[in-house]
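Undergrad:
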Amino acid sequence: KLETVEPVDSVHSLGDAGAAVQACKRCPLYEHATQAVFGQGPERAEVMFVGEQPGDQEDLQGRPFVGPAGQVLDEVIEKVGIDRNKVYVTNAVKHFKFEPRGKRRIHQRPDGGEVQACKFWLNLERDFVRPKVIVALGATAAQSLLGKASVTISKMRGQPMTLPDGSVLFITNHPSYLLRIPDVESRQRERAKFEADLAVVREMIE
Ligand code: URA
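So the sequence shown is residues 3 to 208, counted in the numbering used here.
The following block contains the structure:
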């Protein structure tokens, strides 16, 4: 049976939460991951980007969005002119879920129970950071933030909506979706749409 062992009573800051998450056993994903990967960025960021879960590189390095998807995100943030000092990046789920295949670890999508269990940490991050805008990168993040079982990105993207705490949720694609498009032209088209979405986000935080 899973137990909640992290010392939540002693969480008084974002730093405390980042330390406490390492003891998290709210779902079974801690068993095989290298470590929990908490969010990163200033304690009072204007915009919070929420991905799905750490990938292989993030799991090893202990930092969010440091692998290939993170590189795309960094490039687009820079291109549209979002000030990095205003950006906090995190994930809906803090442990890497994967299936071993030979020497490789193949990403597996977290299920609804795992997303729900990890919402505890995302909520703490939201409470401490108090971002004006929250950008859900992909369906898992959107499901977590909306508390819905399924979300269709194509229907919801680019339409800002106000969440109960007053922050504005903006849904777009996950950057790793762009990396998976084999056809160059389609990939460029999708990348342009992603850039246009983040340009809207920049305008919302100015
Ligand atoms: N993909 C995510 O959703 N998050 C990361 O941190 C890295 C890749």
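For glycine and all other residues, C-beta sits at the position ideal for the given N, C-alpha and C.
Determine the burial state of residue 186: buried for a count of at least 16 other Cβ atoms within 10 Å of its Cβ, exposed for fewer.
TA: Flag for residue 186 reads exposed.
Undergrad: Are three or more beta carbon pairs between the segment 114-121 and the segment 135-149 nearer than 8 Å?
TA: Short answer: they touch.
Undergrad: Using 8 Å for Cβ pairs, my map puts residue 53 next to residue 90. What's the rounded Cβ distance?
TA: Not confirmed; about 12 Å, so no contact.
Undergrad: Report whether the distance from the Cβ of residue 63 to the nearest heavy atom of the ligand URA is below 7 Å.
TA: Checking the Cβ of residue 63 against the ligand URA gives no.
Undergrad: Measuring CB atoms only, is the segment 57-67 touching the segment 151-166, in the sense that at least three cross pairs come out at less than 8 Å?
TA: The answer is no - the segment 151-166 does not touch the segment 57-67, with fewer than three Cβ pairs under 8 Å.
Undergrad: Please determine if the segment 65-82 and the segment 145-154 are in contact, where contact requires at least 3 C-beta pairs separated by less than 8 Å.
TA: With a cut-off of 8 Å, the segment 145-154 and the segment 65-82 do not count as touching, because too few Cβ pairs lie within range.
Undergrad: Go ahead and pull the three-state DSSP assignment for residue 72.
TA: If DSSP states are grouped into helix, strand and coil, residue 72 belongs with the helices.
Undergrad: Decide if the segment 89-109 is in contact with the segment 119-134; the criterion is three or more beta carbon pairs, one per stretch, under 8 Å apart.
TA: Yes: at least three Cβ pairs fall under 8 Å.
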